[in-house]
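Taken in sequence, the protein lines are chains S and B.
Position 327 of the first sequence, counting from 1, maps to 327 under this note's numbering, and the rest follow consecutively.
Quick note: to get this note's numbering, add 344 to the position in the second sequence (first position is 1).
2 protein chains.
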Amino acid sequence: MNLKELSQKLGLSQTTVSRALNGYPEVNEATRARVLDAARRYHYRPNTRAKSLATGRAMAIGHIIPISTRHEIVNPVFSDFIAGAGEVYARSGYDMLLSVVSDAAEERAYRELRAKGSVDGVIVHGPKLADPRIPLLAGLDLPHVVHGRATGTDAPYSWVDVNNRRAFQRATELLLDLGHRRIAFLNGLETMDFAVRRRHGYEAALAARGLAADPALMRSEEMTEAYGYRSARAMLAQAGPRPTAFLASSLITAIGLRRAIEEAGLRMGRDVSVVTHDDELSYLANGEEVPIFTATRSSVREAGRRAAAALIGLIEAPDSGPAQDLMEAQLVIGGSTGPAPTED
Amino acid sequence: MNLKELSQKLGLSQTTVSRALNGYPEVNEATRARVLDAARRYHYRPNTRAKSLATGRAMAIGHIIPISTRHEIVNPVFSDFIAGAGEVYARSGYDMLLSVVSDAAEERAYRELRAKGSVDGVIVHGPKLADPRIPLLAGLDLPHVVHGRATGTDAPYSWVDVNNRRAFQRATELLLDLGHRRIAFLNGLETMDFAVRRRHGYEAALAARGLAADPALMRSEEMTEAYGYRSARAMLAQAGPRPTAFLASSLITAIGLRRAIEEAGLRMGRDVSVVTHDDELSYLANGEEVPIFTATRSSVREAGRRAAAALIGLIEAPDSGPAQDLMEAQLVIGGSTGPAPTED
DNA sequence: TTGAAAGCGCTAACAG
DNA sequence: CTGTTAGCGCTTTCAA
């Protein structure tokens, strides 16, 4: 059932039917009611492609998911972000277009999206320091919102981010308060903006207690399970005193890390404490709330919602300035922590 | 730059330029070369919406992601599947359209997708037993491929699935071979088709040794971390002999499970063994290969590739019969396993 | 081997 | 308040 057929059934012109359907004021309310009723009865849905060809608006938003060319890893927070954004799109009548693109091909992907006219705007995932995609998009005049930030970008841009620095600072403080002094930090790749912010938080917490960060206890890699395993294993075996606590930048990395700790015959929360990027820990509540982590699954979802809403705002009111939204890290209860073991 | 402008620059008609670009044979090769060259120089990209309006093909494929109305969980394997499918779409010139839809609204979502003409086909995620979406799609005459299967569906349909039954049978056998007899099984929700198949595998392995499955050791819920924690905690505390091994249907569930084991003061691989849905375990290789699991991240990605390719086949050659592709579970090395502790 | 013209399904001036 | 007409950018007869 298309507009032409529908208007014929009603004995009206396509124009009138279109206007009635799209809420234009100049339509007789009785006519509008008839039209609306018929549309419902015949399950009429306007053809999106025709509509957007006529209006020049795609009613779609693109998400370009960078895949690391090295490990081909898809960041798992991505599904939650998408879920949040999807809610908003569904409410607002937008479609969501996904492109999975190796980071080498990203620039071309953006240009194509633009030229093919398939989207009205774009969400940028996984920003790096001074990410070249942001000026590129500005140049292409494609509305965009960044999930995260890109230190070193000159012109202002819209973003939604979680306070990574603060979260890791608090996590480090938690371990310091428990008496830990040798706190290993398994960070993500420090070409990523979020990873640098996290390191700053870690270092700030140490500095506030007059402690220097020890390079032997700091790593930065893509957040795989193998990375967690190898790093923890090496650090637990290295000459000099062992770390008594680990701070891991990702749940996946922490899985490997825990395995290494198990293998070393150490007990979690007694010989070694682990704090990680985690979620759903509220079931562990034992009365004491400890500030832990940044991007719990539910907060990532919320970030998705906000980013989508901000982008739609940008698209529909292009003159509004850039939206900048720093979400505070969420408080979560838990972690396999305990006091630092006493030295003997 | 659109077709009209491009053809004017070339002093040719739109028709000829279009034909040259789309590989029609009746074009003079010299002309074609000129056209191709100009298209490249001017970065010409045909407008997708105009093209699909004219051809009647959307050149897009829909993925409808069901969100459980209860927990709003997005299955994390989803990102990997999408990544695999995305590769294929990129190669074949299709766009990927995502809708995140609460399972209550799924039927409407499919109908709309169909009526709005935004996709040429659909991938069905997370099939349930006798999933109503499959006959619905058949009725709508929308090409579709299911990721997984739906026991109880009458008419044949296309699917790509991993051999869940076999994988869980082998995992159970592994634990049985190590001497375990009280093997707890934390399954996913058994309204999902894959979960039922996994249970069958578990039961079959026990039955083959003349063991009866013990209902007190079996659970079925949505695969959250809290579920793993609560279940393991309860089972380790229950009257009667403890389980000496756990089989968990998801990596996330296993995280909670491990935490409960830690809390109980038990040692992994000594007091208790855990086998789970895992990946990247090859870094643990110690010489012995043990058959473990189904949907490692890389095999899910491969499933995404195959499903996408199958769907494109269905779209482009509608008369080919349904594609059915049972992937064997992948062999992975690892697991926190050890011999069953002797009773005292 | 090329081009003119119609049309995909819709919206948006412009008239009335 | 309603209708006529043109056109969004492309493909596809049909004719030359």
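Where a beta carbon is used, it is the ideal one built from N, C-alpha and C, also for glycine.
Residue 161(S) sits in a strand when the DSSP states are folded into three classes.
Contact check for residue 537(B) against residue 510(B) fails: the beta carbons are separated by 8 Å or more.
Taking residue 429(B) as the centre and dropping the five residues before and after it, the same chain places the C-beta of 648 and 652 closer than 6 Å to its C-beta, in chain order.
At least one CB atom of chain S sits nearer than 8 Å to the CB of residue 391(B). Remark: fewer than three beta-carbon pairs, one from each stretch, lie closer than 8 Å, so the segment 20-29 of chain S and the segment 365-384 of chain B are not flagged as touching. Cβ proximity to chain B below 7 Å picks out 115, 116, 117 and 118 from the segment 115-127 of chain S. No residue range can be given for residue 403(B), since it is assigned to no alpha helix (DSSP H) and is classified by DSSP as neither H nor E.
Rounded to the nearest whole angstrom, the CA to CA distance from residue 313(S) to residue 325(S) is 13 Å. In this structure, DSSP gives residue 647(B) a helical state, which the three-state scheme calls helix.
Counting C-beta pairs closer than 8 Å gives three or more between the segment 193-203 of chain S and the segment 125-141 of chain S, which meets the contact rule. At least one C-beta of chain S is nearer than 8 Å to the C-beta of residue 444(B). Relative to residue 43(S), the option among 437(B), 453(B) and 464(B) whose CA is nearest is 453(B). With its beta carbon less than 8 Å from one in chain B, residue 269(S) belongs to the interface. Note: residue 324(S) is bridge-paired with 159(S) in the DSSP secondary-structure output.
The contact set of residue 602(B) on chain S, defined by CB atoms closer than 8 Å, consists of 258 in chain order. With 16 or more other Cβ atoms inside 10 Å of its own Cβ, residue 172(S) counts as buried.
Secondary structure at residue 464(B): coil, using DSSP grouped into helix, strand and coil. Remark: three or more beta-carbon pairs, one from each stretch, lie closer than 8 Å, so the segment 89-99 of chain S and the segment 439-457 of chain B are flagged as touching. In the three-state scheme derived from DSSP, where H, G and I count as helix and E and B as strand, residue 528(B) is classed as strand. Interface with chain S (8 Å Cβ-Cβ cutoff): residue 426(B) is included. Cα atoms of residue 348(B) and residue 392(B): separation of roughly 15 Å, rounded to the nearest angstrom.
Using a CB distance cut-off of 8 Å, residue 594(B) does not count as an interface residue toward chain S. Looking at the DSSP output, residue 472(B) bridges to 536(B).
Using a Cβ distance threshold of 8 Å, residue 219(S) and residue 186(S) count as a contacting pair. Following the DSSP letters along the chain, one finds residue 140(S) inside the alpha helix (DSSP H) bounded by residues 133-140. The beta carbon of residue 450(B) does not come within 8 Å of any beta carbon belonging to chain S, so the residue lies off that interface.
In chain order, 427 make up the part of chain B whose C-beta sits under 7 Å from the C-beta of residue 67(S). Chain S has a Cβ within less than 8 Å of the Cβ of residue 387(B). For the segment 527-551 of chain B, the set of positions with a beta-carbon nearer than 7 Å to some beta-carbon of chain S is empty. For the pair residue 447(B) and residue 401(B), the CB atoms are not nearer than the 8 Å cut-off. For residue 78(S), the chain B residues whose C-beta falls within less than 7 Å of its own C-beta are 423, listed in chain order. In the three-state DSSP reduction, residue 37(S) falls in the helix class (H, G or I). In the DSSP annotation of this structure, the continuous segment of the alpha helix (DSSP H) that includes residue 10(S) starts and ends at 3-10. Taking the beta carbon of residue 273(S) as reference, no residue of chain B falls within 9 Å; the closest one sits roughly 12 Å away. Residue 66(S) has 101(S) as its beta-bridge partners, per DSSP. Look at residue 592(B) here: in three-state DSSP terms it is strand.
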